[in-house]
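K.L.:
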Amino acid sequence: MSTSIIILIVLLVGAVGGYAAYQRGRQLRIERGMRPHSRPIYHASYVLSWAWVPSLLLLGTWLIASPILNEIQIRNAFPEDAVAEAGLTDDLAYGIVESIGVGLRSLPEDERDQIDEDTPIEDALPLFRQYGVAIASASQDWMLPLAIESNIWSTVSRWAMTIVVVLFAAGGAFYGYRNIRTRLRARNKVEKVVNVTLIVASSIAIMTTVGIVFSMLFESADFFSRVSAWEFFFGTTWEPRFSAAGSGGETGQFGLIPLLAGTLYIGAVAMAVAVPIGLFAAIYMAEYADNRTRSVAKPLLEVLAGIPTIVYGFFALVTVGPFFRDLSAQISGLLTGNYSAFIQAQSVLTAGCVMGIMLIPFVSSLSDDIITSVPRSLRDGSLGLGATRSETVKRVILPAALPGIVSALLLTASRAIGETMIVVLAAGVAANLTINPFEAMTTITVKIVQQLTGDLEFTSPQTLVAFALGITLFVITLCLNVYALYIVRKYKEQYE
Amino acid sequence: MTDATANDISDRSEATRGRRDIGIKRRYAAERRFKAYGMIAIGLGIAFLFILLWSVVSKGYTAFWQTEIRVPITFSEEVIGTAEEGAANQSKLMMANYPQLARDGLIQLLEIDPENSEAVSAANGLVSQGVRMELRDMVLNDLQVIGTTEDVWLYASSDLDSALKGSYDLSVEESRRPISDLQLEFIERLEEMGALEQNFNWGLFTFGASSRAETAGVGVAIIGSAYMMLIVLALALPIGVAASIYLEEFAPKNRFTDLIEVNINNLAAVPSIVFGILGLAVFINWFGLPRSAALVGGLVLTLMTLPTIIIATRAALRAVPPSIRWAALGLGASKTQTVFQHVLPLAAPGILTGTIIGLAQALGETAPLLLIGMVAFVADYPETPLDAATALPVQIYMWANEAERAFQERTSGAIMILLGFLALMNLTAIFLRRRFERRW
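Right under this line is the structure:
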């Protein structure tokens, strides 16, 4: 029976139990002529939790544990030496056994009955193929009985799980219902369950971080066991595909430097566009603009932040890139008479400019908040002493807001470094190491996307390197974020 | 005496004014410059916004129209086989040479000599390769149509479509444009006959992925995105609200809750692609969920949206004045009752607004979905969240990589659809905030 149906049954059992408990709670009041400790709805929730929580926890554990136990059992049952004889590793052999199991399950019943433990594997393979399951040619005779055994195990386990889980639900509901009496403190117990649920929900944030770190750590450790960390962090050539062709060496060239340089260069161009525009816009809106201008300009700028990055990427690809290319062709034509473009359509400049546009609202709204939170008294003092508004901004407000603005810029920079879609479409994929902003460079995020789309093999360095890149990116942005948040916190305390 | 004093003062002020004037002029000029920089900055920002929108709309609005050609199609039994044969043998019907029907129809319509292979192939280039499906579906729906002749509106090829919409420069010499002179002549003749029409392009909303621009649409991608949004809503909203309630109302101030808080603030700033790596490693590689499935996409987007929802929900809870809590507690409600029966309902509009904005963010997210294999050629509607699916932004990404003119137009069209959804969601959020927000 499928898992969703089991869950449905459990939910139904709980609901029935809860309804019964609700009625019982109301009856108690009439029978005994006194008010029970808790209201009927809490009796219902009490029974509901008894019916749902233990059985669903059990269901989850069973679903995780059963395949693992099955795998251990099958692996232990491998005949000695047979695996090595067939030139396989344990993992490969288990994979084949598993796919034979899938093949067996996809056969119609009458044909499956013809296969038993003594059937030679050669007879079974054509049948599997006929039903669309291809199995590696390295399969051996001894694998078939194991696959059959494994299938029996999982069928039995599933039935046992269904029965036990439903029994747990019914038993829980019954136990809860039996406990109902006037003095039962149902509300307190239900509230305890609610409280635990809330704690579990809030720890999901921690689990996500732990998941991010561990998932990347494990795979990166695997990568660094194949490629030395020195070569990765200080290599200046990026050519991962090279070794895939089988040019002898296991390792290609996985140099981080060109990617890091591209990331920082594009990020720097983006910041050069976004910071002046964003900062001046924020200053104007906080210090000069009247309410009407503000109420029009601010939302309009914020629309820029709501546009998905893929749209910016497309904009860079079809509008900005060709525009820069044609512009440079015109300029060089006017200067030298030779109409050849010196800005490539995919270039650091294109990606940087478009990313800069995307970042304007981040800079402006973050700095706007910070500038307006500078105390009124500082502003009034400066104006009262006869300074003009711009002098007040330059000499008083900006120095006072500086820590906050720096942290806003750091947060923006971390966004620029982690930005993916714009650079995927506009920066190109060639891992150049150049200082010419008119040429294409590539970034860490582009390479992560490139290495992780298409066919994946979690054993090849070509795939695993993406995790090493990912953790590098994560660490860089994490440092920027933590430092920025730290500054913000410190700064807030100063004026509050 | 008084005169003297007055003279003194006016003398002095004259002198000082004279000295100050130099400074003030300079300072006021600096002031005006500074103010102008600010206005220029805001103007630039808004100009960029409009250039961006204009570039998308001007390229994309034509995608909502599709050229169709009215061709008299004879469903000849020689090509398809008789109705009886078809009823007995479906595969014969599926495999029949439908493009030939369209070709014959065009030859008849344009009165071309069937022996003139150049003209025939030029005419054939006018209709889409999608006619195979179009005509096949007609026949499969109604076998009675076999043997009759009917006027059918066929999709025009993307070249003809683009030429009519003016995307090609038709004044250049013949070899440098995808439409030949002969084809131009045909087009003129078709227009005269009234057999050429531009209709609203419903296909853009209903079709799936296709290698032909005229039969490519975002229908499948919209369904995929809808599945993901439902999953995000079903998971992120309850978990996010529960987490915020705990942090805001119950949590004692200790290391653990401090850790959670730092964590949530950090997660909000982690690059989205990192969440994609997480999804790939954990959900696909460890849990063994299928690649390209809407379920995995939904889970990844849930994790991404959680911090946004938590931050918005906490702000909404904080905005509920403490007097409400005191009143409830004073009347004997328990802490849990206070929160769930009094604080939460009052915070609901704020939570809803935050959730919608979080969903809008998730809807536009592309990078993590690329990593979990949603860059897939999916032509069929996914029936369950476990089937291969794609998402609206990912579809845009895939089309953006196609070189054909017609695809560029569709990409812009798809972006307009995406931006339309986002605008709708954000306007809903603004409306809710205006309508239900209470200030205490």
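Protein chains in written order, with the UniProt record's numbering: chain Z, 1 to 496; chain H, 1 to 440. Glycine included, each C-beta is placed from N, C-alpha and C at the ideal position.
By the 10 Å Cβ neighbour count, where 16 or more other Cβ atoms means buried, how is Leu424 of chain H classified, buried or exposed?
P.N.:
Classification of Leu424 of chain H: exposed, given that the 10 Å Cβ count is below 16.
K.L.:
Could you tell me whether any non-hydrogen atom of the ligand NAP is closer than 6 Å to the CB of Ala205 of chain Z?
P.N.:
This structure does not include the ligand NAP; it has no bound ligands of any sort.
K.L.:
With a threshold of 16 other CB atoms inside 10 Å of the CB of Trp153 of chain H, please say whether the residue is buried or exposed.
P.N.:
Result: exposed.
K.L.:
Going along chain Z in order, which residues have a C-beta closer than 8 Å to the C-beta of Ala360 of chain H?
P.N.:
Those within 8 Å of Ala360 of chain H in chain Z are Gly306.
K.L.:
Looking only at C-alpha atoms, which of Z:Leu480, Z:Phe467, Z:Tyr486, Z:Gln462 sits nearest to Glu239 of chain Z?
P.N.:
Looking at the Cα atoms, Z:Gln462 is the closest of the given residues.
K.L.:
Given a limit of 8 Å on CB to CB distance, which residues of the stretch 361 to 383 of chain Z reach chain H?
P.N.:
Against chain H - using a Cβ distance shorter than 8 Å - the residues of the stretch 361 to 383 of chain Z are Pro361, Ser364.
K.L.:
Using a Cβ distance threshold of 8 Å, determine whether the stretch 346 to 364 of chain Z contacts the stretch 406 to 418 of chain Z, with at least three qualifying pairs required.
P.N.:
These segments touch.
K.L.:
Gly38 of chain H CB to nearest chain Z CB: under 7 Å?
P.N.:
Gly38 of chain H counts as touching chain Z.
K.L.:
Span of the beta strand (DSSP E) holding Tyr155 of chain H?
P.N.:
Taken as a continuous stretch (DSSP letters only), the beta strand (DSSP E) holding Tyr155 of chain H covers 149 to 155.
K.L.:
In chain H, what lies closer than 7 Å to Glu191 of chain Z by C-beta?
P.N.:
Chain H residues near Glu191 of chain Z: Ser334, Thr336.
K.L.:
Determine the chain H residues that contact Tyr288 of chain Z at a beta-carbon separation under 7 Å, and present them in chain order.
P.N.:
By Cβ distance, chain H contributes Lys35, Gly38.
K.L.:
For Leu363 of chain H and Val429 of chain Z, what's the separation of their Cα atoms in angstroms?
P.N.:
Those two C-alpha atoms are separated by around 26 Å.
K.L.:
Would you identify the three-state DSSP class for Trp440 of chain H, choosing helix, strand or coil?
P.N.:
Coil at Trp440 of chain H, not helix or strand.
K.L.:
Measuring alpha carbon to alpha carbon, tell me which of H:Glu111, H:Ile417, H:Asp142, H:Glu191 ends up nearest Leu164 of chain H.
P.N.:
Of the candidates H:Glu111, H:Ile417, H:Asp142, H:Glu191, the one whose C-alpha sits nearest the C-alpha of Leu164 of chain H is H:Glu191.
K.L.:
So if DSSP puts Gln198 of chain H in a beta bridge, which residue, or which two residues, is it bridged to?
P.N.:
Looking at the DSSP assignment, Gln198 of chain H forms a beta bridge with H:Thr67.
K.L.:
Assuming Leu317 of chain Z and Ala400 of chain H form a contact by the criterion Cβ under 8 Å, report the distance between their Cβ atoms to the nearest whole angstrom.
P.N.:
6 Å between Cβ atoms; contact.
K.L.:
Assuming contact is defined by CB atoms lying nearer than 7 Å, are Ile415 of chain H and Ile396 of chain H in contact in what I supplied?
P.N.:
Yes.
K.L.:
Around the Cβ of Ala360 of chain H, are there at least 16 other Cβ atoms within 10 angstroms (buried) or fewer (exposed)?
P.N.:
The residue is buried, with at least 16 neighbouring Cβ atoms inside 10 Å.
K.L.:
Check whether the Cβ atoms of Ala426 of chain Z and Ala351 of chain Z sit closer than 7 Å, and answer yes or no.
P.N.:
Contact flag set, yes.
K.L.:
Suppose you measure from the CA of Met285 of chain Z to the CA of Lys394 of chain Z; what does that come to, to the nearest Å?
P.N.:
C-alpha separation (whole angstroms): 15 Å.
K.L.:
Taking the alpha helix (DSSP H) that Lys92 of chain H falls in, what are its first and last residues?
P.N.:
90 to 95 is the extent of the alpha helix (DSSP H) around Lys92 of chain H.
K.L.:
How far does the alpha helix (DSSP H) with Asn195 of chain Z in it reach, from first residue to last?
P.N.:
Counting along the chain, the alpha helix (DSSP H) containing Asn195 of chain Z begins and ends at 186 to 226.
K.L.:
Provide the residue span of the alpha helix (DSSP H) that contains His43 of chain Z, from first to last.
P.N.:
Taken as a continuous stretch (DSSP letters only), the alpha helix (DSSP H) holding His43 of chain Z covers 40 to 76.
K.L.:
Look at the alpha carbon of Ile127 of chain Z and the alpha carbon of Leu107 of chain Z, and state the distance between them as a whole number of angstroms.
P.N.:
The sequence as given places Leu at residue 127 of chain Z; Ile does not occur at that position. Rounded to whole angstroms, Leu127 of chain Z to Leu107 of chain Z spans 8 Å at the Cα level.
K.L.:
Going by other Cβ atoms of all chains shown within 10 Å of its Cβ, with 16 needed for buried, is Gly240 of chain H buried or exposed?
P.N.:
Looking at its Cβ environment, which holds 16 or more other Cβ atoms inside 10 Å, Gly240 of chain H is buried.
K.L.:
Does the stretch 33 to 45 of chain H come close enough to the stretch 269 to 289 of chain Z that 3 or more CB-CB pairs lie under 8 Å?
P.N.:
The stretch 269 to 289 of chain Z is in contact with the stretch 33 to 45 of chain H.
K.L.:
Run through chain Z and tell me which residues come within less than 7 Å of Glu31 of chain H, C-beta to C-beta.
P.N.:
The answer, in chain order, is Thr388, Arg389, Ser390.
K.L.:
Using Cβ-Cβ distances below 8 Å, what residues of the stretch 425 to 448 of chain Z are close to chain H?
P.N.:
Residues Leu425, Thr445, Ile448.
K.L.:
For Thr442 of chain Z, collect the residues of the same chain with a Cβ closer than 7 Å to its Cβ; drop the 5 residues on either side in sequence, then sort them by chain order.
P.N.:
Excluding residues within five positions, the ones whose Cβ falls inside 7 Å are Leu259, Gly262, Ala427, Gly428, Val429, Ala430, Ala431.
K.L.:
Is Val296 of chain H close to chain Z, meaning its C-beta is less than 7 Å from at least one C-beta of that chain?
P.N.:
No, its Cβ sits nowhere closer than 7 Å to a Cβ of chain Z.
K.L.:
Going along the chain, which residues of its own chain have a beta-carbon closer than 7 Å to the beta-carbon of Ala268 of chain H, five neighbours each way excluded?
P.N.:
Result list for Ala268 of chain H: Pro307, Thr308, Ile311, in chain order.
K.L.:
Among the candidates H:Lys92, H:Leu369, H:Ala36, H:Asp181, whose CA atom is the shortest distance from the CA of Glu118 of chain H?
P.N.:
The shortest C-alpha separation from Glu118 of chain H is found at H:Asp181.
K.L.:
From this set, H:Gln337, H:Ile372, H:Leu237, H:Pro393, which residue's C-alpha is nearest Thr309 of chain Z's C-alpha?
P.N.:
That would be H:Pro393, whose Cα lies nearest to the Cα of Thr309 of chain Z.
K.L.:
For Met207 of chain Z, does the count of other Cβ atoms within 10 angstroms reach 16, so buried, or fall short, so exposed?
P.N.:
Exposed.
K.L.:
DSSP state of Trp238 of chain Z, grouped into three classes?
P.N.:
In this structure, Trp238 of chain Z counts as strand in the three-state DSSP scheme.
K.L.:
Assign Val270 of chain H to one of two classes, buried (16 or more other C-beta atoms within 10 Å of its C-beta) or exposed (fewer than that).
P.N.:
Answer is buried; the Cβ neighbour count reaches 16.
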